[in-house]
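Trainee:
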Amino acid sequence: MSDIHTSEYADEPRSASPGQLLQHERERQAISLEDAALALHLRPAVVAGLEQDHYAEIPVATYRRGYLRTYAKYLGMDDKPVLEAYRARYGNADTESEIKPVSVTRPPSKLGGLLFKLVTLLVIAGLIGVTVTWWQSRGGNTPPGLDDTTAAETAPETANAPDMPSTSDAPAASTEPRDEAKPSDTGSSTEANPRAASTAEPEAATLSKTALAAATAVARAAQERADAATANTLALTFNQQSWTEIFDARDQRVFVGLQQPGTDASVEGQPPFRLTVGNATGVELRYQGKVVDLARHAGANNVARFTLGE
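Numbers 0 to 309, taken from numbering that gives the first Met the number 0, label the letters of the sequence shown in order.
#1: Determine, using beta carbons only, whether Q344 and N300 come nearer to each other than 9 angstroms.
#2: Would you mind giving the Cβ-Cβ distance between T236 and T275, rounded to the nearest angstrom? I have them listed as a contact below 8 angstroms.
#3: In or out: S31 buried (at least 16 other Cβ within 10 Å) or exposed?
#4: Please list, in chain order, all residues of the same chain as P43 whose beta carbon is under 7 angstroms from its beta carbon, the five residues on each side excluded.
#5: Check this for me: beta carbons of R249 and R273, under 9 angstroms apart or not?
#6: Whole angstroms are fine: how far does the CA of K116 sit from the CA of Y70?
#7: Which residues mark the beginning and the end of the beta strand (DSSP E) in which G65 is found?
#8: Please go through the same chain and pick out, in chain order, the residues whose beta-carbon is closer than 6 angstroms to the beta-carbon of E50, but skip the five residues on each side of it.
#9: Please report how far the alpha carbon of R27 lies from the alpha carbon of D77, in whole angstroms.
#10: Bridge partners for S241 per DSSP, in chain order?
#11: Whole angstroms are fine: how far does the CA of L121 sit from the CA of W133?
#12: For E283, report the span of its beta strand (DSSP E) as first-last.
#13: Does DSSP put R249 in a helix, a strand or coil?
#14: If you follow the beta strand (DSSP E) that L20 is in, where does it begin and where does it stop?
#15: On a CA-only basis, which of V59, R88, T306 and E24 is nearest Q269? Give me that one, please.
#16: Out of E267, G261 and Q258, which has the shortest C-alpha to C-alpha gap to Q375?
#17: Identify every residue that forms a DSSP beta bridge with F272.
#18: Could you tell me if P260 is buried or exposed, where buried requires 16 or more neighbouring beta carbons within 10 angstroms of its beta carbon?
#19: If you compare alpha carbons, which of V129, L74, V46 and L39 is closest to A29?
#20: Please confirm whether any heavy atom of the ligand GDP lies closer than 8 angstroms to the CB of A234.
#21: On a Cα-Cα basis, can you pick out the residue from G65, Q287, V302 and L67 that is closest to E309?
#22: Just to confirm, is the Cβ distance from L257 to V59 under 9 angstroms?
#23: Output needed for V103: all residues of its chain with C-beta closer than 6 angstroms, excluding positions within five of it in sequence on either side, in chain order.
#24: Which residues bound the beta strand (DSSP E) around V291?
#25: For E267, name the three-state secondary structure that DSSP assigns.
#26: Helix or strand or just coil, what does DSSP make of L41?
#27: When you compare each of P271, H296 and T232 to R285 by their alpha carbons, which one comes out closest?
#28: For the alpha helix (DSSP H) containing R86, list its first residue and its last residue.
#29: With a threshold of 16 other CB atoms inside 10 Å of the CB of R219, please say whether the residue is buried or exposed.
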């Protein structure tokens, strides 16, 4: 059968493209495009592109030749005429251009930065509030030491004040009760200050604990949001060369490119993800911290096509 097909396509015009050769043989065997795509583990759009010589779905030349060879073998054709037709059209100038990833990473930098700043401001505000409360509870609105300085400045003025003339009729003993009352007032004031200070210290400690608890709660909430943002992250390690393409639930292509060995990539998006991983056995994939077995999804051509995160 292979010899028959070879002789048939040897008689085809030299201008026939590889896609025309494949399409002609598929239609001759009455095989639908969908059945061919299913057998090749390819999307119908990719198979249609091969037949129409449109390679937008396969931008890497190595994969193009591999798909053409696989398609020809599936149809029972000799792949040499197909590959020769491809080389005749594109020649040796068909070089592989490495495609840079559209979006290798999409870290939530703005959200994380705002949360970090918010937590920092809350902690600083809490510490300032505790400090001010503790300060006021100890000495009121007047800083410690100011009353003592004022009293010290007032004492010399009182001592230097001129003596007032005294009345001879006033008894000398009338000044004694006043002099005795002053030590008593001073003693009561001295006793009151330690009580106020001792009461202020537990209040300041309580306020400090409250502010610390509030800051801890905000930090925990920020961490939970950050964990939720990174929960839908795909981590890829390329041990071998691989052409990889990833779409998210919004049908947005979040990653595409020919990756070289020894490179890593982190991809974020809205699950579920649709992945196409070439040379799947040479790629390691982690999703939500768990290893994904790409070999289980790989087809005969070592290309894994599957949906993740449903």
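All C-beta atoms in this analysis are idealised placements derived from N, C-alpha and C, irrespective of residue type, glycine included.
Mentor: Quick look at the numbers:
#1: Coverage of the chain is limited to positions 0 through 309, which leaves residue 344 absent and any answer about it impossible.
#2: That belief does not hold up - the Cβ atoms of T236 and T275 are roughly 17 angstroms apart, past 8 angstroms.
#3: Exposed is the call here.
#4: Once the five neighbours on either side are set aside, the close Cβ partners of P43 are L32, E33 and A36.
#5: No, Cβ-Cβ distance for R249 and R273 is not below 9 angstroms.
#6: Counting only the Cα atoms, K116 lies some 57 angstroms from Y70.
#7: Not the beta strand (DSSP E): G65 falls in the alpha helix (DSSP H), residues A60 to Y73.
#8: Closer than 6 angstroms at the Cβ level, and outside the excluded window around E50, lie G18, L21 and Q22.
#9: Between the alpha carbons of R27 and D77 lies a distance of about 15 angstroms.
#10: For S241, the beta-bridge partners assigned by DSSP are Q258.
#11: Those two C-alpha atoms are separated by around 18 angstroms.
#12: Start and end: V282 to Y286.
#13: Three-state DSSP puts R249 in coil, outside helix and strand.
#14: Counting along the chain, L20 sits inside no beta strand (DSSP E); it lies in the alpha helix (DSSP H) bounded by residues P17 to R27.
#15: Of the candidates V59, R88, T306 and E24, the residue whose Cα lies closest to the Cα of Q269 is T306.
#16: This structure leaves residue 375 out entirely; the chain is present only between 0 and 309.
#17: According to DSSP, F272 bridges with L307.
#18: So P260 counts as exposed.
#19: A29 has its Cα closest to that of L74, out of V129, L74, V46 and L39.
#20: This structure does not include the ligand GDP; it has no bound ligands of any sort.
#21: Residue Q287 is the option with its Cα nearest to E309.
#22: Taking 9 angstroms as the Cβ cut-off, L257 and V59 qualify as a contacting pair.
#23: Interpretation of V103 is limited by its pLDDT of 48, a score under 50 that renders its predicted location unreliable; no figure is taken from the coordinates.
#24: For V291, the enclosing beta strand (DSSP E) begins and ends at K289 to V291.
#25: Here E267 carries a strand assignment [DSSP, helix/strand/coil].
#26: Taken through DSSP and simplified to helix, strand or coil, L41 comes out as coil.
#27: Closest by C-alpha distance to R285, out of P271, H296 and T232, is T232.
#28: Annotation: the continuous alpha helix (DSSP H) that includes R86 extends over D78 to Y89.
#29: Here R219 is exposed: its Cβ has fewer than 16 other Cβ atoms, across all protein chains shown, within 10 Å.
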